[in-house]
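A.B. asks:
Protein chains: 2
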Amino acid sequence: MVSIRDISKHTGLSIGTISRYINKSGYVSEKSGEKIEAAIKALDYVPNEHARALFSKETKLIGVIVSSLSNPFFAELTMYLEQNAKEYGYGIILFTSDDDEEKESEALRSLKAYRVSGIITTRTQLRKELEELNIPIITFEDNSCSNVISVSADNYLGGQLAFRHLYEKGCKKILHIKGPSQFYATEMRYEGFIHEAEKYGVNVDVHEFLTDYKLDYDLKQMIKDIDLSSYDGIFAFNDIAATLVLSYMQHIGIRVPEDVKLIGFDNSYISGLVNPKLTTIEQSAKDIGFKCIELLMNNIKGEDVSQKEHLVPITLIEREST
Amino acid sequence: MVSIRDISKHTGLSIGTISRYINKSGYVSEKSGEKIEAAIKALDYVPNEHARALFSKETKLIGVIVSSLSNPFFAELTMYLEQNAKEYGYGIILFTSDDDEEKESEALRSLKAYRVSGIITTRTQLRKELEELNIPIITFEDNSCSNVISVSADNYLGGQLAFRHLYEKGCKKILHIKGPSQFYATEMRYEGFIHEAEKYGVNVDVHEFLTDYKLDYDLKQMIKDIDLSSYDGIFAFNDIAATLVLSYMQHIGIRVPEDVKLIGFDNSYISGLVNPKLTTIEQSAKDIGFKCIELLMNNIKGEDVSQKEHLVPITLIEREST
Chain A
1070 MVSIRDISKH TGLSIGTISR YINKSGYVSE KSGEKIEAAI KALDYVPNEH ARALFSKETK
1130 LIGVIVSSLS NPFFAELTMY LEQNAKEYGY GIILFTSDDD EEKESEALRS LKAYRVSGII
1190 TTRTQLRKEL EELNIPIITF EDNSCSNVIS VSADNYLGGQ LAFRHLYEKG CKKILHIKGP
1250 SQFYATEMRY EGFIHEAEKY GVNVDVHEFL TDYKLDYDLK QMIKDIDLSS YDGIFAFNDI
1310 AATLVLSYMQ HIGIRVPEDV KLIGFDNSYI SGLVNPKLTT IEQSAKDIGF KCIELLMNNI
1370 KGEDVSQKEH LVPITLIERE ST
Chain B
1070 MVSIRDISKH TGLSIGTISR YINKSGYVSE KSGEKIEAAI KALDYVPNEH ARALFSKETK
1130 LIGVIVSSLS NPFFAELTMY LEQNAKEYGY GIILFTSDDD EEKESEALRS LKAYRVSGII
1190 TTRTQLRKEL EELNIPIITF EDNSCSNVIS VSADNYLGGQ LAFRHLYEKG CKKILHIKGP
1250 SQFYATEMRY EGFIHEAEKY GVNVDVHEFL TDYKLDYDLK QMIKDIDLSS YDGIFAFNDI
1310 AATLVLSYMQ HIGIRVPEDV KLIGFDNSYI SGLVNPKLTT IEQSAKDIGF KCIELLMNNI
1370 KGEDVSQKEH LVPITLIERE ST
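So the protein sequences, as listed, match chains A and B.
Residue numbers for the first sequence follow my numbering, beginning at 1070 and rising by one.
Residue numbers for the second sequence follow my numbering, beginning at 1070 and rising by one.
(1) How many Å lie between L1180 of chain A and K1181 of chain B at the Cα?
(2) Which whole-angstrom value describes the C-beta separation of I1339 of chain B and I1339 of chain A, a residue pair presumed to lie in contact below a C-beta threshold of 8 Å?
(3) Would L1146 of chain A and F1232 of chain A be called neighbours here (beta carbons separated by less than 9 Å)?
(4) Check the Cβ of H1426 of chain B against every Cβ in chain A and list those closer than 7 Å, keeping chain order.
(5) In whole angstroms, what is the alpha-carbon distance linking S1299 of chain B and L1195 of chain A?
(6) Closer than 9 Å, CB to CB, is E1351 of chain A near chain B or not?
(7) Can you check whether the CB of I1131 of chain B is closer than 9 Å to the CB of I1188 of chain B?
(8) Report all residues from its chain with a CB closer than 8 Å to the CB of V1374 of chain B; omit the five preceding and five following residues, and keep chain order.
(9) Fully enclosed by the stretch 1298-1361 of chain A, which alpha helix (DSSP H) runs are 4 residues long or longer?
(10) Kindly list the residues whose CB is nearer than 6 Å to the CB of M1257 of chain B, restricted to its own chain and excluding five residues on each side of it in sequence; keep chain order.
(11) Applying the criterion that 16 or more other CB atoms from any shown protein chain within 10 Å of the CB defines a buried residue, is E1201 of chain A buried or exposed?
(12) Determine, for L1133 of chain B, whether the minimum Cβ-Cβ distance to residues of chain A falls below 9 Å.
(13) Can you give the Cα-Cα distance for F1143 of chain B and S1094 of chain B, rounded to whole angstroms?
(14) Can the beta-carbon of T1391 of chain B be found closer than 9 Å to that of H1234 of chain B?
(15) Is K1129 of chain A near the ligand PLP, going by C-beta to nearest heavy atom under 8 Å?
(16) With distances taken Cα to Cα, identify the nearest neighbour of D1301 of chain A among A:H1320, A:A1310, A:V1325.
(17) Tell me the residue span of the beta strand (DSSP E) that contains E1277 of chain B.
(18) If we define contact as Cβ-Cβ less than 9 Å, is G1160 of chain A a contact residue for chain B?
(19) Along chain B, in chain order, which residues have C-beta atoms closer than 9 Å to that of I1386 of chain A?
(20) Would you mind reading off the limits of the beta strand (DSSP E) that contains K1247 of chain A?
(21) Under a CB-based cut-off of 9 Å, is I1087 of chain B close to chain A?
(22) Buried or exposed: which applies to G1322 of chain B, given that a residue is buried once 16 or more other Cβ atoms fall within 10 Å of its Cβ?
(23) List the residues of chain B whose Cβ lies closer than 8 Å to the Cβ of P1141 of chain A, in chain order.
(24) Please name the residue, chosen from B:S1250, B:N1212, B:A1311, B:T1191, that lies closest to I1134 of chain B on a Cα-to-Cα basis.
(25) Using a threshold of 9 Å, state whether the C-beta atoms of I1292 of chain B and I1246 of chain B are closer than that.
(26) Name the one or two DSSP bridge partners that T1190 of chain B has.
(27) Do K1238 of chain A and K1330 of chain A have their C-beta atoms closer together than 9 Å?
(28) Run the CB neighbour count on G1158 of chain B, radius 10 Å, all protein chains shown included, and call it buried at 16 or more, exposed below.
(29) Assign L1082 of chain A to buried or exposed, taking buried as 16 or more other Cβ atoms, counted over all protein chains shown, within 10 Å of its Cβ.
(30) Just how far apart, CA to CA, sit V1185 of chain A and D1211 of chain A?
(31) Are the Cβ atoms of T1398 of chain B and E1389 of chain B separated by less than 9 Å?
(32) With a threshold of 16 other CB atoms inside 10 Å of the CB of T1312 of chain B, please say whether the residue is buried or exposed.
(33) Starting from G1160 of chain B, trace the beta strand (DSSP E) both ways and give me its first and last residue.
(34) Taking Cβ-Cβ distances shorter than 9 Å, what residues in chain A pair up with F1334 of chain B?
(35) Could you check where the beta strand (DSSP E) with L1380 of chain A kicks off and where it finishes?
(36) Give the residues from the stretch 1295-1311 of chain B that approach chain A closer than 9 Å (Cβ to any Cβ), ordered along the chain.
Here it is as structure tokens:
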């Protein structure tokens, strides 16, 4: 690996001069600057980011802690976080937490050791630790840290839109399959949905899934006590849950949308892959990824971040399942 | 952030002593060691990995360049790479390449700057650059770099198994939807499939998808010239392609498996979500993630890595679509 020493040998200039030039930390004559530039090109020198980090106190790395990449929404979000960070010249160190407090805590500890310039977490379990961490942080899907900037989709409105859509399609016997109650985002969807139903004077049954989708998910166990055929409209808390329910209903002979209308949440790519294609509430992983990185970069640069809570708009995407 | 300076103030010991202790780089008395340990605990000091990296020439970071996280197989693989790296005390810096040479080249350049201890790439376009890079590398789904260690599923055998399965199910008019020809893995699946068909004296039609799945994928454009109803057996190069074709066939009234039997590849989670559930060839993201990290760690530690090509076993998973 080419080092600053090799540049020094090649140009005949001192290491101090070259370091000043590369780190823009003091005066270097124009002539020397040109020599150094030429040597950097000739030797294909890449600055050592660790040396730069020690010197400038600022790494070009941010930490991302994501619940799981087996959920396609979080996988897409991670991709957009990486792509947007790159635009600002930052790399991401990725940790998955599996929504486990211990794993999230370990990840935070590692990210501190790597001296990342900032952190983005999803569905954090560690509100207190985050508040005490003295670096820029953005939480996705949790607005309960008082001094931390949060981004989330407008989940409450999403729940309202989902109800109104089923109602307008004529559904009378409605079921909401809600997410695990520890998750802020799915709790908001649930609240928006049932409050809207109350407004319209419609009674809604609610069935809670106790865990989010995992690769070894046992759906039959999750819905064994529900008689799905007694409903004509179902709102599931995300597209995976909706797809599982869709597949199960087809399996036992319930037709979608003829017998039951079904709506999901996320607009992750699976909603367009299944038959019938899912009606869903879109939260744009692309917009959210952009917003998280933009806010984090502003925070790192020390710009005004007085607004703590940021809601990203959502949209109803009508397809074939309703 | 607590620094080595604070430890020095707290203990009254010199920075040199503390640095020797933390980096295990020279003699420190037992008594001083105990004082330092106590201060580390009291102040919640986390060693700066950048300082450690400069000193030891070894970062606790590896680079991962993955094609795309919108492909669920690669998302799962990334998750397992992260989880396995963590077991060895390593974090991952993640880049997505979108199978774009320019983006992969930028990612390699950034990873060099971060002085990662090793790199794992998927579906590389930069064989020459990788061969010249003087750090441990594992390529996934490309064995054409002569001096680089490669891991891949046994794709050729997978193609053979797929053919034999359709054949045993009585299929006579068989179509293979193959992946873009620049991808080593899908090319192997194709070769295994058609060579096996030749052995059995069966003629197979082949239709090539020109790109891998993207979020804005236009399936109708991809298959507009094929009369799917003229076949009774289809092998698609991955589960997403299979799911797209399944959904499209159901849409135009072709029944699976009654009219056409369909088999995918990957056993990513969508194969279990759709109705009918997909028969597929499993390549285990878990096993592959484990193997990649194990080989990379052996390589970083300087252990014997004379075997360059590593094939991970694959399995036929029979479900409802055949």
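A virtual CB, placed ideally from N, CA and C, is assigned to each residue, including glycine.
Note that the coordinates shown come from a computational prediction; the quantities given were computed from them, not determined experimentally.
C.D. replies: In this structure, then:
(1) 20 Å
(2) 6 Å
(3) no
(4) This structure does not reach residue 1426 of chain B, given that chain B is present from 1070 up to 1391, and the question cannot be answered.
(5) Going by the C-alpha atoms only, they are around 57 Å apart.
(6) no
(7) Yes, Cβ-Cβ distance for I1188 of chain B and I1131 of chain B is below 9 Å.
(8) I1218, L1364, N1367, N1368
(9) 1308-1320, 1339-1342
(10) N1224, Y1225
(11) exposed
(12) Note that residue 1133 of chain B corresponds to Val in the displayed sequence, not to Leu. It does: the Cβ of V1133 of chain B has a partner Cβ on chain A nearer than 9 Å.
(13) 41 Å
(14) yes
(15) In terms of ligand content, the structure shown is empty, and the ligand PLP therefore cannot be addressed.
(16) A:V1325
(17) 1273-1277
(18) yes
(19) In chain order: nothing, as chain B lies at least about 14 Å away.
(20) 1243-1247
(21) no
(22) exposed
(23) S1139, P1141, A1144
(24) B:T1191
(25) yes
(26) B:I1134, B:T1208
(27) yes
(28) G1158 of chain B is exposed by the Cβ-count criterion.
(29) buried
(30) Roughly 21 Å separates the two Cα atoms.
(31) Absent from the structure is residue 1398 of chain B, since the part of chain B shown begins at 1070 and ends at 1391.
(32) Burial state of T1312 of chain B is buried, judged by a 10 Å Cβ sphere holding 16 or more other Cβ atoms.
(33) 1160-1165
(34) Near F1334 of chain B there are no residues of chain A at all, since even the closest Cβ is about 16 Å away, more than 9 Å.
(35) Run containing L1380 of chain A: 1378-1381, per the beta strand (DSSP E) assignment.
(36) I1309
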